[in-house]
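Residue numbers (our numbering): 2 to 1014.
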């Protein structure tokens, strides 16, 4: 141990390091705060020039509950694009008009994305879309280089319903009010425009959407505001109009301070830019929608997921020093814990927290929460938190032991209760019940932490019980999960106790999570080698080996399979690079750096620009050299892991302030000679410098103050070994440690004073391995399509000729969509518009080749999430009885209908209609199907409130059609974009399930139309 002292020569040299490679760090001894550069300086340096021939997607949030998701060089076209507040899409986009002509984005001569704005430059006009903190607003600045007129037209989401617009007498603005307000969400709107030099034009209400604008020259602003109060709306407008710079620069100042506090400066400018963009994009996902939390991703995971939040926790909040917010989020989630002793989820932390719904259907959210709580205490030193949070940990232990622990001590769970959780009409796409490998690793950590904290707080009995269980699980884990023949870990144990031998990446957590090693060194090397060589491509880690029969290399590959079939069965999940990189830094750091460099390119060059997508396809498409991005365009846990990798693995900063200890164990690329960075240590800011050469490594640390003396444990790399030195750092004195190799001798100094108490540690033997490469010669069953015929768009959308025979034409009264007992109600989400489950007319025609089906409904909607079929949220089953000549008949309706037909209506064939259609026989065999690949051949028509399609006679029967039953209910595609199934109806309506049933197993059919000859 060594306590530092400082000589004059040291201090002089220390301060000479104040300016490094363009990054100015102030190292004065006074207590004055570090001088900040101009607000725009750092943000301008992060400019991303958007190629004019390529369209990119981008997102930003107001850090409360609103976000914009848009396109750089074209109008928004994709689902979820526009401006969303509190999970409700309000604007699809906006349109600018110049001199009465639409200003097309592809005409921009230059497009640039900054952390606080998007700029499009046209001849004589510059459009700046400002990203505004806190307010629910869209603000566009127009700089006019000549006199011209500009009109601003917000494009409203039709799903909002009718909006009453008016222009007040005293000012040329437009005020709007929703005819049917959405509870708890904005229902008052204001559209306004003003210009520096010129005149405001009269608003236009006779267009499809209201327009406002001005004529003049100079700088003008075009805004739309949202609120629940018209009074507050007008106040905000006047404040924004009179002092726009206050609101527009709020985000700029916040981001400037955020970057400055977490600055990283390496010899690679692209790494620096990517790191700072990751900081910004991740900070945008830390919101306050239902208390403080971390949105999982944009655009459709704009809610709090327990698992995602606590995997993101270290990189998003701890590495960035936001300890007070980290504490708030832990406490906020703890309040959502299931505290009902009779509940099967008793003790669990939620899987997801939405505005109107909390669900607990995951096994790993709770142990990730416990793991994050310990990390928080390590980083912050807040040991008082242990006592405050311990009742939550105790309840979590009680629930797990009562409901889920088996005779081996393992934590059991359902097939879809891990992070591989996609579910379709036929059940989980990647079933991993009932004991997944990473769940057991997390469970052991939960046991360890709970035991240690129980002992710390003076509960020895609980501590001993949980410690014994932890040791038992560790022993059983090696017996049951280690495949000695193939030197690997099984992915999971099935309910029958047989191991699953698929090659998935989940074993990586057995290397990175346990505080005490779970596997031997050789076992760890074998696990890592398999994951790298069989799952890790140069761009990321796949969810399933490409040699597996269930491998799906592409995400969207209609009509051969639905996206969720590939979700956890081959796609690259970008967040998995985090733990793999951490493991690589132990045994092959150059490969770890290669992955980090590729992620940096993804952030700066791929969608969403300035962030990183949730997914990549495993293989590049034919003719391309890089795979497509997919999933959300900005995802929290992968951004957080990227930041954590740099802080903990590259820079090697690992605080344990609850033990008054800081570990500094850097691993830099061999060609880097320096790194400068800042990090938060408890309540103080630390400025750090690394200097590396072939035979020496120097670390310099400075802080204005330390909360208490700190034991700093250095392990500095020199050649193929590390030199360990332990130092007591106190009195806020600068600390410099230098290790140098001279001949065979290692010399260490601390602030120019020699240190003798050093240890030389040999680095582990490098593990020789290479990344996996796509093998397109493999036989991939998923790419061959299904075993049944697929109908084409022109076939299905064929229209009957005038000589087609009418077989049935049945009308049904309005308002009878109330279920079998007349008690059903729709889900509460406003997208479930009245009448979308109400059939009004069923017409069936036939010619020699086709049957033609035309179903008229009271209403029909297309929210745009999966627009290919022309409608969503309505699901049909059409049961056709051709008599005994057409084969076996049945009365049971599938697709979660929970419904049986009367015997006299037993069917030979049934057509299920959702996002596409399937024809099945009475045995449930699919005879043909139509899965639309784009919007060119829809089968639903919202404007006509009808669904119509054609089916070739060969897939049904040419026998006389005796009876028809049409069943209508809600469509649920489980978010996966497939055809879907009937949506659940329970006792009580929720946002996404219907209500009014007498049990949770009741039929899910709202309306039935029956007719027969």
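Glycine is no exception: its CB is placed at the ideal position from the N, C-alpha and C atoms.
| Item | Value |
| --- | --- |
| Segments assigned beta strand (DSSP E), at least 3 residues, entirely inside the region 59–124 | 67–72, 83–86, 89–99, 111–115 and 118–123 |
| Distance CB(residue 870)-CB(residue 933) smaller than 8 Å | yes |
| Buried or exposed by the 16-neighbour rule on C-beta atoms within 10 Å, applied to residue 385 | exposed |
| Bounding residues of the beta strand (DSSP E) (the contiguous stretch that carries residue 263) | Taken as a continuous stretch (DSSP letters only), residue 263 belongs to no beta strand (DSSP E), as it is neither H nor E. |
| Local Cβ density within 10 Å of residue 553, reported as buried at 16 or more and exposed below that | buried |
| Beta strand (DSSP E) segments (min. 3 residues) lying fully within the region 813–893 | 840–847, 851–858 and 875–882 |
| Residue ranges of each beta strand (DSSP E) within the region 707–737, 3 or longer | 711–719 and 722–730 |
| Straight-line gap, residue 816 to residue 837 (C-alpha atoms, nearest Å) | 11 Å |
| Opposing strand residues paired with residue 741 [DSSP bridges] | 697 and 748 |
| DSSP three-state assignment for residue 451, whether helix, strand or coil | helix |
| Beta-carbon proximity of residue 1007 to residue 820, cut-off 8 Å | yes |
| Boundaries of the alpha helix (DSSP H) in which residue 639 is found, first to last residue | 637–645 |
| Collapsed DSSP secondary structure at residue 940 in the structure displayed | coil |
| Identity of the residue in 294, 375 and 570 nearest residue 782 by Cα | 570 |
| Sub-8 Å separation of residue 374 and residue 350 beta-carbons | no |
| For residue 694, the nearest candidate out of 688, 715 and 719 (CA to CA) | 719 |
| Residue-level contact to chain B via CB, residue 143, 8 Å cutoff | Note that chain B does not occur in the displayed structure, where there is just one protein chain. |
| Close beta carbons around residue 577, own chain, < 6 Å, minus the five adjacent residues each side | 506 and 542 |
| Among 340, 331, 356 and 280, the one whose alpha carbon lies nearest that of residue 320 | 280 |
| Residue 764 and residue 739 closer than 8 Å at C-beta | no |
| Nearest neighbour of residue 412, chosen from 423, 422, 287 and 400 [CA to CA] | 400 |
| DSSP beta-bridge partners of residue 421 | Its beta-bridge partners do not exist; DSSP assigns none. |
| 8 Å Cβ cutoff met for residue 1 and residue 962 | For residue 1 there is no data in the structure shown, the boundaries of the chain being 2 and 1014. |
| Nearest candidate by alpha-carbon position, reference residue 769, set 593, 106 and 780 | 593 |
| CB contact flag (residue 968, residue 920, <8 Å) | no |
| Presumed contact (8 Å Cβ cut-off) between residue 306 and residue 336, rounded CB distance | Going by Cβ atoms, the distance from residue 306 to residue 336 rounds to 16 Å, so no, they are not a contact pair. |
| Own chain partners of residue 658 with C-beta closer than 6 Å, once the 5 adjacent residues on each side are dropped | 382 and 683 |
| DSSP three-state assignment for residue 400, whether helix, strand or coil | helix |
| Cβ-based burial, residue 717 [other Cβ within 10 Å; buried from 16] | buried |
| Three-state secondary structure assigned by DSSP to residue 372 | helix |
| Cβ pair residue 310, residue 640 closer than 8 Å | no |
| Through-space distance from residue 166 to residue 183, alpha-carbon basis | 17 Å |
| 7 Å CB neighbourhood of residue 589 in its chain, flanking five on each side removed | 767, 768 and 770 |
| 8 Å Cβ cutoff met for residue 583 and residue 685 | no |
| Outcome for residue 755 when other beta-carbon atoms lying within 10 angstroms are tallied against a minimum of 16 | exposed |
| Candidates 71, 296, 950 and 90, of which the one nearest residue 864 by Cα | 90 |
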